[in-house]
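In what follows, a structure is listed as structure tokens, so that the remarks can point back to it.
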Amino acid sequence: MTMSEQVPGTNRATQVVDDRNTTSTETASGHWMQVTDVAAYYGDRMAISGVSMTIKPRAATAIIGPSGCGKSTFIRCLNRMHEVGLGVNRVTGSVLLDGHDIYGRSVDPVQVRRYIGMVFQRPNPFPSMSIYDNVVAGIKLTRSPSRTELDETVERCLNQAALWDEVKDKLKASGSSLSGGQQQRLCIARSLAMQPHVLLMDEPCSALDPIATFKIETLINELKRQYTIVIVTHNMQQASRVADETAFFLAGEERIGKLVEFGPTNQLFTNPTDSRTEAYITGRFG
Amino acid sequence: MADTGTLSFKVSPVSPLAPDGRYLARKFYGRFMAGMITVAALVGVSVLWLILGYVIVRGAPAINLDFFTQRPLPYGEVGGGIAPSITGTLLILVVAAVIGVPVGLGCGIYLAEYGRGTIVEVIRFCSDLVAGLPSIVVGVFVWALLVRQVVGNFSGLAGAVSLSIIMIPIIVRTVEAVLLLVPYTLREAALALGVPKWRMVISVVLPSARAGIITGLVLSVARAGGETAPLLLTTLGNQFFSWNLLEPVGAIPIQLYNYAVAPYPDWHTKAWGAAFVLISVIGILSTLARVATRGNNR
Numbered sequence: 001m002t003m004s005e006q007v008p009g010t011n012r013a014t015q016v017v018d019d020r021n022t023t024s025t026e027t028a029s030g031h032w033m034q035v036t037d038v039a040a041y042y043g044d045r046m047a048i049s050g051v052s053m054t055i056k057p058r059a060a061t062a063i064i065g066p067s068g069c070g071k072s073t074f075i076r077c078l079n080r081m082h083e084v085g086l087g088v089n090r091v092t093g094s095v096l097l098d099g100h101d102i103y104g105r106s107v108d109p110v111q112v113r114r115y116i117g118m119v120f121q122r123p124n125p126f127p128s129m130s131i132y133d134n135v136v137a138g139i140k141l142t143r144s145p146s147r148t149e150l151d152e153t154v155e156r157c158l159n160q161a162a163l164w165d166e167v168k169d170k171l172k173a174s175g176s177s178l179s180g181g182q183q184q185r186l187c188i189a190r191s192l193a194m195q196p197h198v199l200l201m202d203e204p205c206s207a208l209d210p211i212a213t214f215k216i217e218t219l220i221n222e223l224k225r226q227y228t229i230v231i232v233t234h235n236m237q238q239a240s241r242v243a244d245e246t247a248f249f250l251a252g253e254e255r256i257g258k259l260v261e262f263g264p265t266n267q268l269f270t271n272p273t274d275s276r277t278e279a280y281i282t283g284r285f286g
Numbered sequence: 001m002a003d004t005g006t007l008s009f010k011v012s013p014v015s016p017l018a019p020d021g022r023y024l025a026r027k028f029y030g031r032f033m034a035g036m037i038t039v040a041a042l043v044g045v046s047v048l049w050l051i052l053g054y055v056i057v058r059g060a061p062a063i064n065l066d067f068f069t070q071r072p073l074p075y076g077e078v079g080g081g082i083a084p085s086i087t088g089t090l091l092i093l094v095v096a097a098v099i100g101v102p103v104g105l106g107c108g109i110y111l112a113e114y115g116r117g118t119i120v121e122v123i124r125f126c127s128d129l130v131a132g133l134p135s136i137v138v139g140v141f142v143w144a145l146l147v148r149q150v151v152g153n154f155s156g157l158a159g160a161v162s163l164s165i166i167m168i169p170i171i172v173r174t175v176e177a178v179l180l181l182v183p184y185t186l187r188e189a190a191l192a193l194g195v196p197k198w199r200m201v202i203s204v205v206l207p208s209a210r211a212g213i214i215t216g217l218v219l220s221v222a223r224a225g226g227e228t229a230p231l232l233l234t235t236l237g238n239q240f241f242s243w244n245l246l247e248p249v250g251a252i253p254i255q256l257y258n259y260a261v262a263p264y265p266d267w268h269t270k271a272w273g274a275a276f277v278l279i280s281v282i283g284i285l286s287t288l289a290r291v292a293t294r295g296n297n298r
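If you're matching them up, the sequences are chains Z and G in order. Take the first sequence: its position 176, counted from the start at 1, is 176 in the numbering used here, and no numbers get skipped. Take the second sequence: its position 108, counted from the start at 1, is 108 in the numbering used here, and no numbers get skipped.
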């Protein structure tokens, strides 16, 4: 069904690795994802079903919808975080990263997450680590980097996350000493340090005030020139401010989330094709 | 005078806020209960100070430099100390910790991070049973196994093993409890970076729970350090300095016991002195642990 299935399983993971070395983010056309007929389960309960979409490279794709429509479940399927946690959580269907199935039989979920980073709803810097160590935590905990590499990564990522000027004099301070918005940007820097192909953001601003939210949105607009971004948000204005494409999820009576409409953000908000989308964006339900 | 407006409001003749009988009764009852609780708290704390004060008063005459540096002398000779017991207790505790900490820590980590379903319940239940075993039963078991069989005589090793059996369930439960206090979001954050689970546990979860883990370890050492019954059956005690784990080794609780049951007033004073030293050793260990974990907590 996918190209990757013709490749012997053992090569698949290494192929993804090679990708990063040969295609620097400066020169490549970016990384894309293809989601086909994805369904996710919590134990026996189906949470989302039949989701298919293409996530464009170097663009921000927003997932919107009312509470309980499966937005968060869906985004967690994109880097295999859905299967983490208590209980037996399953995903069916296929999710391709640059054409390679991340649910392939020999693919290590740990490896997948190095290429598809994630920022969570509540800022979650590691409290036992300094700001510096938070940024390079991923690198330090997965390989043995040199001191110079660490220093460079810290400065590069904090700059990318628009946090460098605010923290450059207190890199040794604890990550939890920062404000909520700064902590969230620290978490973004921490994800960027892994040089991910794709960055997933699960309602990254829902715990932040409007000013911190504005900074993160500006940052997303900056980052999407280099990274492929998927952002879950309950805020439709936010989707229209940052996203190039928007997907609208809705759960029906049976509480199974489905993709109702997917398209360019402008079109979805100004001229939705589905009546339910129109009802939602005009505030008539949800 | 400024114009306060044309509207004027009537003051109601009866205040709705006036205290009624039930309010006064409730107030009295509240004061009474608060007083009772305060008394309970004072009694609880004063027991500690009574014991501590009495031990110090009775033991003080025995405390001098010799008490910490000399070996015990036969009755009739003036002076002597309990030094072999102090070194013996430290030796046994170190060995017990070497055995008990990895097992207890590993078991606690398993319960909190890896275990799923029935096996977790089974392990927890067994651990609670071991924690509830009378320590003399542990002593008898180790005596039958190590003293009678494997080693063949009373030994420091047997004492350390019996103390480690007492330490393990304490460590298991505290480690599990403090690891479960670490927010799940931190585990998610680490996993989402592509960090393997074992690395996440070692580098993110354990450091976040560091203070609690150390407290648990110290608690278990303190508990084991005061145990007497299992040591009587396993290490026997020794009046001379001994670092040989396969031979009888001195221990403060044993020395205390021997002095206390003897008919000589001088030895009774030494028993109080030994009690004071035992409390101090445990107090110092706890303080060191507190200092070590201070400031790194958050």
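Built from N, CA and C at the ideal position, the CB exists for glycine as well. All values reported here derive from a predicted model rather than from experimental measurement.
Near the ligand MG: residue i beta-carbon under 7 Å from a heavy atom
i, result
"Z:Arg147", "Looking for the ligand MG in the displayed structure turns up nothing, as the structure carries no ligands at all."
For residue j and residue i, believed in contact at Cβ under 8 Å, the rounded distance
i, j, result
"G:Gly273", "G:Phe67", "6 Å"
"G:Ala271", "G:Leu256", "5 Å"
"Z:Val362", "G:Pro196", "Coverage of chain Z is limited to positions 1 through 286, which leaves residue 362 of chain Z absent and any answer about it impossible."
"Z:Thr61", "Z:Ala243", "6 Å"
"G:Thr235", "G:Gly283", "Incorrect: roughly 23 Å between the Cβ atoms, too far for contact."
"Z:Ser240", "Z:Phe262", "Not quite, the Cβ-Cβ distance comes to about 15 Å (not below 8 Å), so this is no contact."
"Z:Arg114", "Z:Thr142", "7 Å"
"Z:Gly30", "Z:Thr228", "6 Å"
"G:Glu188", "Z:Met81", "7 Å"
"G:Val130", "G:Ser162", "Going by Cβ atoms, the distance from G:Val130 to G:Ser162 rounds to 12 Å, so no, they are not a contact pair."
Interface partners of residue i on chain G, CB under 9 Å
i, result
"Z:Gln111", "Gly194"
"Z:Met81", "Glu188, Leu191 and Ala192"
"Z:Arg190", "Ala189 and Leu193"
"Z:Gly117", "Ala192, Leu193 and Gly194"
"Z:Arg156", "Within 9 Å Cβ-Cβ: nothing; Z:Arg156 doesn't reach chain G, min ~16 Å."
"Z:Met194", "Leu193 and Gly194"
"Z:Val232", "By Cβ distance, chain G contributes nothing, its closest Cβ being about 14 Å from Z:Val232, past 9 Å."
"Z:Val198", "Those within 9 Å of Z:Val198 in chain G number zero; the least Cβ separation is about 12 Å."
"Z:Val107", "Per Cβ cutoff of 9 Å: no residues; Z:Val107 is ~12 Å from chain G at best."
Contacts of residue i in chain G (Cβ-Cβ under 8 Å)
i, result
"Z:Met33", "By Cβ distance, chain G contributes nothing, its closest Cβ being about 16 Å from Z:Met33, past 8 Å."
"Z:Gly181", "Chain G residues near Z:Gly181: none, gap ~17 Å exceeds 8 Å."
"Z:Asn124", "Pro183, Thr185, Leu186, Glu188 and Ala189"
"Z:Val91", "What Z:Val91 touches in chain G: nothing, since even the nearest Cβ is about 16 Å away."
Chain-ordered chain C contacts of residue i [CB-CB under 8 Å]
i, result
"Z:Phe120", "No chain C is present in this structure, whose protein chains are Z and G."
Proximal residues of chain Z, C-beta to C-beta of residue i below 9 Å
i, result
"G:Val178", "Result: empty, since nearest Cβ-Cβ is about 13 Å, beyond 9 Å."
Residue i: contacting residues in chain G (beta-carbon distance under 7 Å)
i, result
"Z:Ser49", "Here the premise fails: no neighbours, minimum Cβ distance about 24 Å."
"Z:Arg114", "Gly194"
"Z:Val167", "Residues of chain G passing the Cβ test: none, with the nearest at roughly 18 Å."
"Z:Val95", "Residues of chain G passing the Cβ test: none, with the nearest at roughly 16 Å."
Residues that residue i contacts on chain Z, provided the C-beta gap is smaller than 7 Å
i, result
"G:Arg199", "Leu141"
"G:Ser310", "The shown model of chain G, from 1 to 298, leaves out residue 310 of chain G, and the question about it has no answer."
*At a cut of 8 Å, does the segment 119-128 of chain Z reach the segment 202-209 of chain G through at least three beta carbon pairs?*
At 8 Å Cβ cutoff, the stretches touch.
_Contact residues within the segment 135-149 of chain Z, judged by C-beta distance below 7 Å to chain G_ = Answer set for the segment 135-149 of chain Z: Ala137, Gly138, Leu141 and Thr142.
*Mind checking the segment 107-132 of chain G against chain Z and listing, in chain order, the residues whose C-beta falls within less than 9 Å of any C-beta there?*
Within the segment 107-132 of chain G, the residues whose Cβ lies closer than 9 Å to some Cβ of chain Z are Arg116, listed in chain order.
*Specify whether the segment 157-177 of chain G and the segment 208-218 of chain G touch according to this definition: at least 3 beta carbon pairs, one from each stretch, less than 8 Å apart.*
By the C-beta criterion, the segment 157-177 of chain G is judged to be in contact with the segment 208-218 of chain G, since at least 3 inter-stretch pairs fall below 8 Å.
*asked:* Under 8 Å, with one C-beta from each stretch per pair, do the segment 184-204 of chain Z and the segment 152-168 of chain Z reach the 3-pair mark?
replied: Counting Cβ pairs under 8 Å, three or more are found: they touch.
_At a CB distance below 8 Å, what residues from the segment 206-225 of chain G approach chain Z? Give them in sequence order._
So the list reads Pro207, Ser208 and Arg210, given in the order they occur along the chain.
*Report the residue ranges of all beta strand (DSSP E) runs contained in full by the segment 204-278 of chain Z; include only those spanning at least 3 residues, in chain order.*
228-232, 245-251 and 257-264, all fully within the segment 204-278 of chain Z.
_Does the structure place the segment 150-167 of chain G close enough to the segment 241-253 of chain G that three or more beta carbon pairs sit under 8 Å?_
Touching, per the Cβ criterion.
*Given 8 Å as the limit, is there contact between the segment 31-50 of chain Z and the segment 208-222 of chain Z, that is, 3 or more CB pairs closer than that?*
Output reads no: the segment 208-222 of chain Z does not touch the segment 31-50 of chain Z.
*Give the residues from the segment 8-29 of chain G that approach chain Z closer than 7 Å (Cβ to any Cβ), ordered along the chain.*
With the criterion set as a beta carbon lying under 7 Å from some beta carbon of chain Z, the segment 8-29 of chain G has no members that meet it.
*Spell out a yes or no on whether the segment 59-75 of chain Z and the segment 95-109 of chain Z are touching, meaning 3 or more CB-CB pairs, one atom from each, closer than 8 Å.*
Remark: fewer than three beta-carbon pairs, one from each stretch, lie closer than 8 Å, so the segment 59-75 of chain Z and the segment 95-109 of chain Z are not flagged as touching.
*Could you please tell me which residues of the segment 161-177 of chain G, in chain order, have their CB closer than 9 Å to any CB of chain Z?*
Hits within the stretch: zero.
*asked:* Contact between the segment 111-124 of chain Z and the segment 194-209 of chain Z is defined here as three or more beta-carbon pairs at a separation below 8 Å; is this criterion met?
replied: In this structure the segment 111-124 of chain Z touches the segment 194-209 of chain Z; the number of beta carbon pairs closer than 8 Å is three or more.
*In chain order, which continuous runs of the alpha helix (DSSP H) of length 4 or greater are located wholly inside the segment 150-185 of chain G?*
Scanning the segment 150-185 of chain G from its first residue to its last, the whole alpha helix (DSSP H) runs of 4-plus residues come out as 156-181.
*What are the start and end residues of each continuous alpha helix (DSSP H) run of 4 or more residues lying completely inside the segment 81-154 of chain G, in chain order?*
Those alpha helix (DSSP H) runs which fall completely within the segment 81-154 of chain G and span 4+ residues are 83-109, 118-132 and 135-142.
*Is the number of C-beta pairs between the segment 132-149 of chain Z and the segment 80-98 of chain Z that are closer than 8 Å three or more?*
As far as the Cβ criterion goes, the segment 132-149 of chain Z does not touch the segment 80-98 of chain Z, which means the pair count is below three.
*What runs of the beta strand (DSSP E), each 3 residues or longer, lie entirely inside the segment 28-67 of chain Z?*
Within the segment 28-67 of chain Z, the beta strand (DSSP E) runs of at least 3 residues that lie entirely inside it are, in chain order, 33-42, 45-55 and 60-64.
_4 or more residues per run - each alpha helix (DSSP H) lying fully within the segment 138-180 of chain Z_ = Listed in chain order, they are 147-160 and 164-167.
*Examine the Cβ distances between the segment 71-80 of chain G and the segment 262-270 of chain G and report whether three or more of them are shorter than 8 Å.*
Contact between the segment 71-80 of chain G and the segment 262-270 of chain G is present, because at least three Cβ pairs lie under 8 Å.
*In the segment 75-136 of chain Z, which residue ranges form an unbroken beta strand (DSSP E) of at least 3 residues, counting only runs that do not cross its ends?*
Qualifying beta strand (DSSP E) stretches, in chain order: 89-97 and 116-119.
*Counting Cβ pairs, one atom from each stretch, are 3 or more of them under 8 Å apart for the segment 180-190 of chain Z and the segment 159-169 of chain Z?*
Yes, the segment 180-190 of chain Z is in contact with the segment 159-169 of chain Z.
*Going along the chain, which unbroken runs of the alpha helix (DSSP H) with 4 or more residues stay wholly within the segment 225-275 of chain G?*
Counting only runs of 4 or more, we get 229-234 and 252-261.
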